[in-house]
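Just so you know, the sequences run in chain order A and B. With our numbering, you'll find the first sequence wraps up at 407, consecutive numbering, no jumps. With our numbering, you'll find the second sequence wraps up at 532, consecutive numbering, no jumps.
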Amino acid sequence: MSADTTSTTPKLNVRTPAQPGRRTFGKWFATTGWRHLIGVALCIYAAFPLLYVLSASLNPNGTLLSSNGFFSTIGFQSYIDLFHNEQRPYAAWFANTLIIGLTTAAASVFLGALAAYSFSRMRFTGRRVGLVSLLVVQIFPQLLAVVAIFILLTSLGDVFPALGIDNQIALIMVYLGGALGVNTYLMYGFFNTIPVEIDEAAKIDGAGHARIFFTMILRLVAPILAVVGLLSFISSTSDFVLASVVLVSPENQTLAVGLYSYVSEEFTSNWSVFAAGAVLAALPVMALFLFLQKYIVGGLTAGAGK
Amino acid sequence: MTMTAPPAPPNSTQDPKRKLSPAAKRFANASGTSLGSILIKIIMVALIDATAVFAIFTAIGREAWLIATVIAVITVVINVVYFKKGWLPAKYLLPGTIFLLIFQVFVIGYTGYIAFTNYGSGHNSDKADAVSALLQSNQERVAGSPGYPVTLYTGEDGLAMVVEKDGQQMLGDVDDALAPVDPATLANYTQLKFADLLSRQGEVTSLKVAISDDPAEGTLRTSDGRTAYQYTSSLSYDRDADTMTDQKTGTVYTDTGVGAFTAQDGTQLMPGWSINVGFDNFTRAFTDSSIRGALFSVSVWTFAFAFLSVASTFFLGLFLAIVFNDMRMKGRKIYRVISILPYAFPAFLGGLVWAGMLNKDFGFVNQVLFGGAGIPWLTDPWLAKFSVLWVNLWLGFPYMFLVCTGALQSIPQELSEAATIDGAKPFQIFRLIKLPLLLVSVAPLLISSFAFNFNNFNVIYMLTEGGPRLEDAGLNVGSTDILISMVYKVAFVGSQRDYGLASAFSIIIFVIVAIISIISFKQTKALEELN
Numbered sequence: 102m103s104a105d106t107t108s109t110t111p112k113l114n115v116r117t118p119a120q121p122g123r124r125t126f127g128k129w130f131a132t133t134g135w136r137h138l139i140g141v142a143l144c145i146y147a148a149f150p151l152l153y154v155l156s157a158s159l160n161p162n163g164t165l166l167s168s169n170g171f172f173s174t175i176g177f178q179s180y181i182d183l184f185h186n187e188q189r190p191y192a193a194w195f196a197n198t199l200i201i202g203l204t205t206a207a208a209s210v211f212l213g214a215l216a217a218y219s220f221s222r223m224r225f226t227g228r229r230v231g232l233v234s235l236l237v238v239q240i241f242p243q244l245l246a247v248v249a250i251f252i253l254l255t256s257l258g259d260v261f262p263a264l265g266i267d268n269q270i271a272l273i274m275v276y277l278g279g280a281l282g283v284n285t286y287l288m289y290g291f292f293n294t295i296p297v298e299i300d301e302a303a304k305i306d307g308a309g310h311a312r313i314f315f316t317m318i319l320r321l322v323a324p325i326l327a328v329v330g331l332l333s334f335i336s337s338t339s340d341f342v343l344a345s346v347v348l349v350s351p352e353n354q355t356l357a358v359g360l361y362s363y364v365s366e367e368f369t370s371n372w373s374v375f376a377a378g379a380v381l382a383a384l385p386v387m388a389l390f391l392f393l394q395k396y397i398v399g400g401l402t403a404g405a406g407k
Numbered sequence: 002m003t004m005t006a007p008p009a010p011p012n013s014t015q016d017p018k019r020k021l022s023p024a025a026k027r028f029a030n031a032s033g034t035s036l037g038s039i040l041i042k043i044i045m046v047a048l049i050d051a052t053a054v055f056a057i058f059t060a061i062g063r064e065a066w067l068i069a070t071v072i073a074v075i076t077v078v079i080n081v082v083y084f085k086k087g088w089l090p091a092k093y094l095l096p097g098t099i100f101l102l103i104f105q106v107f108v109i110g111y112t113g114y115i116a117f118t119n120y121g122s123g124h125n126s127d128k129a130d131a132v133s134a135l136l137q138s139n140q141e142r143v144a145g146s147p148g149y150p151v152t153l154y155t156g157e158d159g160l161a162m163v164v165e166k167d168g169q170q171m172l173g174d175v176d177d178a179l180a181p182v183d184p185a186t187l188a189n190y191t192q193l194k195f196a197d198l199l200s201r202q203g204e205v206t207s208l209k210v211a212i213s214d215d216p217a218e219g220t221l222r223t224s225d226g227r228t229a230y231q232y233t234s235s236l237s238y239d240r241d242a243d244t245m246t247d248q249k250t251g252t253v254y255t256d257t258g259v260g261a262f263t264a265q266d267g268t269q270l271m272p273g274w275s276i277n278v279g280f281d282n283f284t285r286a287f288t289d290s291s292i293r294g295a296l297f298s299v300s301v302w303t304f305a306f307a308f309l310s311v312a313s314t315f316f317l318g319l320f321l322a323i324v325f326n327d328m329r330m331k332g333r334k335i336y337r338v339i340s341i342l343p344y345a346f347p348a349f350l351g352g353l354v355w356a357g358m359l360n361k362d363f364g365f366v367n368q369v370l371f372g373g374a375g376i377p378w379l380t381d382p383w384l385a386k387f388s389v390l391w392v393n394l395w396l397g398f399p400y401m402f403l404v405c406t407g408a409l410q411s412i413p414q415e416l417s418e419a420a421t422i423d424g425a426k427p428f429q430i431f432r433l434i435k436l437p438l439l440l441v442s443v444a445p446l447l448i449s450s451f452a453f454n455f456n457n458f459n460v461i462y463m464l465t466e467g468g469p470r471l472e473d474a475g476l477n478v479g480s481t482d483i484l485i486s487m488v489y490k491v492a493f494v495g496s497q498r499d500y501g502l503a504s505a506f507s508i509i510i511f512v513i514v515a516i517i518s519i520i521s522f523k524q525t526k527a528l529e530e531l532n
């Protein structure tokens with residue numbers, strides 16, 4: 102990659118003639134020019150793999166080797182092939198990922214908001230213990246218990262097939278188990294920034310707790326709901342460990358599990374079809390991410406991240 | 002602290018009722034009146050109760066007593082909490098807590114239980130299941146036994162057999178042993194036509210119907226769909242002596258307490274059953290040299306990987322933040338947006354794409370950048386470690402870049418101005434003023450980033466699958482495996498699955514994570530800030 106960066110330097114070497122009142126190139130380079138040099142190198146490092154996938158996906162019937170020609174051929178056959186493979190139902194994976202991600206996100210936001218409201222607005226015995234135990238519980242990520250989750254779902258599935266292995270409802274319920282631990286803290290802090298006077302005024306006007314929560318507080322904390330929803334959507338859609346253990350049959354799987362099987366089973370021959378699948382899977386997430394950049398940056402720095 | 006603060010709440014003076022959707026309005030009005038809210042509550046709880054009653058009966062029908070009890074307890078708690086006056090916090094906390102208790106707290110405890118069993122391939126179930134599986138598996142046709150004319154039907158549970166035995170029509174399928182059937186029940190089934198018989202040949206020949214509830218009587222099987230023969234096992238189970246005897250060789254297998262019927266020479270009949278093995282898994286992990294070595298090298302690499310990932314992403318991010326934190330520079334926004342792209346790209350895809358690019362024979366890096374050199378980026382133990390760190394740097398540096406930029410910008414400008422007036426050089430200002438302030442605000446994020454990378458399964462597994470495999474290890478473990486990917490591989494990859502050992506590894510990770518957390522909590526005093 103370092104070879105590519107040097108190609109930009111000749112441009113910079115064209116010296117602007119020193120004019121009275123204008124900075125020389127040397128001066129420009131010393132103050133900000135070298136920063137651009139680093140910036141270009143950075144952009145190549147950051148964006149190159151992404152351009153590579155895009156070019157590979159546009160290379161019809163491409164193998165891993167033939168995908169090395171950068172944008173040398175353009176065609177959309179791989180995108181068509183992607184949707185016509187019965188062993189690997191990409192459309193179903195996509196739909197499953199969306200359904201699981203959106204349901205998990207919506208339910209996590211709701212459960213987390215309920216808990217954060219009570220921690221933020223109510224004083225009760227066991228409140229501090231509750232907050233501390235949430236903090237302790239979230240230290241231990243769910244995927245460490247993947248074996249126990251697998252066995253639990255296997256025995257649940259013997260009784261209720263809808264809650265067993267290879268069922269998406271079961272997977273969503275597993276994800277919801279992690280909802281409180283991760284999200285309550287983020288929300289709790291934000292709930293605390295909403296003045297309690299608002300609740301009190303509403304109470305004097307005769308509003309009950311449910312009315313205050315559903316019609317006032319939820320609207321005022323909308324930004325944190327968006328952040329938590331997005332974080333939970335991203336983490337549940339990119340999960341591989343739990344999804345691969347719970348979802349067995351191809352038509353039930355998510356993109357993470359399905360695309361992994363694409364690569365692990367026919368690695369080099371189907372590369373452009375995989376690349377097409379990767380591009381389509383990444384585009385919505387990336388678009389959402391760039392669109393909501395400010396929110397996410399605020400939310401990520403308040404919590405943990407990649 | 003513009004970046005570290007959560008997004009600002011909207012102007013709180015605006016009328017919250019202004020833009021209510023009709024549904025929300027209805028809900029608000031309904032919950033405002035006490036009658037309406039009670040009605041909603043009753044309907045919701047009634048729905049839960051109805052589902053629960055149905056579930057409890059299903060569980061009792063399948064003799065799953067524990068599941069039935071748990072559902073009953075949860076239902077009672079829900080009813081008490083929502084119908085008792087007061088207890089307001091519980092009403093809000095209960096829904097999330099139920100999920101938390103089952104799918105996070107319980108499963109962690111359950112992991113602890115499994116770590117003390119030999120659960121895994123060949124030890125999947127209880128003893129009764131193992132006995133019937135053994136009697137089912139080694140079956141042969143009873144010599145000289147008569148054939149039964151058979152008719153095949155399909156029903157809800159797949160194929161079913163109807164035979165005439167002792168002058169009675171008897172029906173049985175894969176789950177249920179032969180039992181007398183009346184014509185009314187038979188109407189629920191459809192008879193298999195000859196054409197279906199051919200197209201479902203495989204299913205037909207593999208169908209085994211137990212003759213009675215006693216597994217020793219054997220099963221009926223048919224190869225042509227017309228005549229069925231009695232098959233019995235070459236093994237016979239003596240319930241009183243608790244032994245399995247091989248009729249042909251006369252070998253006696255006894256239950257010696259290892260979770261399988263074992264002959265005197267040590268050969269075991271598989272499948273066995275799951276038993277409690279005490280600290281056996283932990284003892285194996287720490288004393289069996291082929292496992293101990295793998296566990297040790299994986300643990301060391303896990304720490305190294307997490308630490309180096311945090312260090313590399315932080316220093317690159319900090320460096321970039323400093324470089325682009327110059328007001329005079331144009332186009333900073335473009336650089337920032339492009340450099341954030343890897344962070345927005347799903348991590349699992351990042352690993353898969355890089356795995357293609359770093360492929361030894363066909364990958365872009367070797368073919369184009371290194372002119373066809375066969376550098377084993379992912380198959381050499383040390384290069385694979387480097388590649389994993391390199392890809393994780395690609396995935397993770399934008400986060401640190403954003404965080405450091407935010408932290409740098411939140412440091413008041415006056416501090417550096419004052420220092421300049423006092424005669425400090427730019428580097429001195431950075432090292433003595435900005436860096437300490439930056440570290441204070443970034444330190445908690447570095448710790449959480451360490452914790453995240455400690456269990457960063459996706460990047461490892463998608464890129465190298467943990468490989469290349471450690472040669473001297475007795476397990477399927479590779480040199481880029483971290484603890485969590487080792488757990489996954491021991492439990493779910495390959496034909497030999499050892500849930501007990503995997504859970505023991507999980508417990509070891511729990512202990513390590515707990516120790517790290519205690520230390521970091523003491524450092525950050527996060528607990529004291531709670532009020």
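Every residue gets a Cβ at the ideal spot worked out from N, C-alpha and C, and that includes glycine. On a predicted model such as this, the values are computed, not experimentally measured, just so you know.
Beta-carbon separation (whole angstroms), residue i vs residue j, contact threshold 8 Å
i, j, result
"Val374/A", "Ser179/A", "5 Å"
"Val380/A", "Leu254/A", "Actually they do not touch by this definition, with Cβ atoms about 33 Å apart."
"Asn80/B", "Ser275/B", "Rounded, the Cβ-Cβ distance is 36 Å, inconsistent with contact."
"Asn367/B", "Ala356/B", "Asn367/B to Ala356/B, Cβ: 13 Å. No contact."
Per DSSP, the bridge partner or partners of residue i
i, result
"His124/B", "Gly121/B"
"Ala161/B", "Tyr154/B and Asp174/B"
"Glu181/B", "Looking at the sequence provided, one finds Pro at residue 181/B rather than Glu. The partner list for Pro181/B (beta bridge, DSSP) reads Met171/B."
"Thr285/A", "DSSP output for Thr285/A lists no bridge partner at all."
"Arg222/B", "Tyr230/B"
"Ser237/B", "Thr246/B"
"Leu270/B", "Phe262/B"
"Lys209/B", "DSSP lists no partner for Lys209/B."
"Val253/B", "Thr246/B"
"Glu141/B", "Thr233/B"
Residue i beta carbon near the ligand ADP (any heavy atom closer than 6 Å)
i, result
"Tyr93/B", "As for the ligand ADP, it is missing from this structure, which has no ligand bound."
Option nearest residue i by Cα separation, candidates the options
i, options, result
"Glu141/B", "Ser237/B, Gly332/B and Gln105/B", "Ser237/B"
"Ile212/B", "Asp177/B, Arg227/B and Asp127/B", "Asp177/B"
"Phe390/A", "Asn282/B, Ser518/B and Ala345/B", "Ala345/B"
"Ala134/B", "Phe280/B, Thr233/B, Val354/B and Ala492/B", "Thr233/B"
"Gly202/A", "Met288/A, Ala357/A and Phe334/A", "Phe334/A"
"Trp88/B", "Tyr276/A, Met288/A, Met223/A and Leu343/A", "Met223/A"
"Met271/B", "Phe304/B, Asp127/B, Ala144/B and Leu319/B", "Asp127/B"
"Phe387/B", "Val460/B, Ser146/B, Leu438/B and Pro437/B", "Val460/B"
"Gly110/B", "Ser521/B, Phe511/B, Ser518/B and Ile520/B", "Phe511/B"
"Val369/B", "Met358/B, Ala131/B, Phe107/B and Ile99/B", "Met358/B"
"Arg312/A", "Val311/B, Ser38/B and Val299/B", "Ser38/B"
"Ala206/A", "Ala376/A, His185/A, Asp259/A and Leu272/A", "Leu272/A"
"Gln231/B", "Leu321/B, Gly145/B and Ile376/B", "Gly145/B"
"Glu472/B", "Ala444/B, Gly294/B and Leu416/B", "Gly294/B"
"Lys209/B", "Asp197/B, Phe195/B and Val151/B", "Val151/B"
Cutoff 7 Å: residue i Cβ touching any chain E Cβ
i, result
"Met330/B", "Although the question refers to chain E, the structure presented lacks it and instead comprises the protein chains A and B."
Within the region 53 to 100 of chain B, ranges of the alpha helix (DSSP H) (whole runs, at least 4 residues): 66 to 84
Tell me whether the region 504 to 515 of chain B and the region 237 to 245 of chain A touch, counting them as touching only if at least three CB pairs, one residue from each stretch, are closer than 8 Å. yes
4 or more residues per run - each alpha helix (DSSP H) lying fully within the region 403 to 428 of chain B: 414 to 422
Examine the Cβ distances between the region 149 to 161 of chain B and the region 176 to 195 of chain B and report whether three or more of them are shorter than 8 Å. yes
At what residue ranges does the region 337 to 384 of chain B contain a whole run of the alpha helix (DSSP H), taking only runs of 4 or more? 348 to 358
Tell me, please, whether the region 88 to 104 of chain B touches the region 213 to 223 of chain A by the rule of three or more beta-carbon pairs shorter than 8 Å. yes
Do three or more CB pairs link the region 101 to 117 of chain B to the region 477 to 484 of chain B at distances below 8 Å? no
Validate contact between the region 129 to 140 of chain A and the region 155 to 168 of chain A using beta carbons, cut 8 Å, 3 pairs: no
Contiguous alpha helix (DSSP H) assignments of at least 4 residues, all confined to the region 442 to 471 of chain B: 458 to 464
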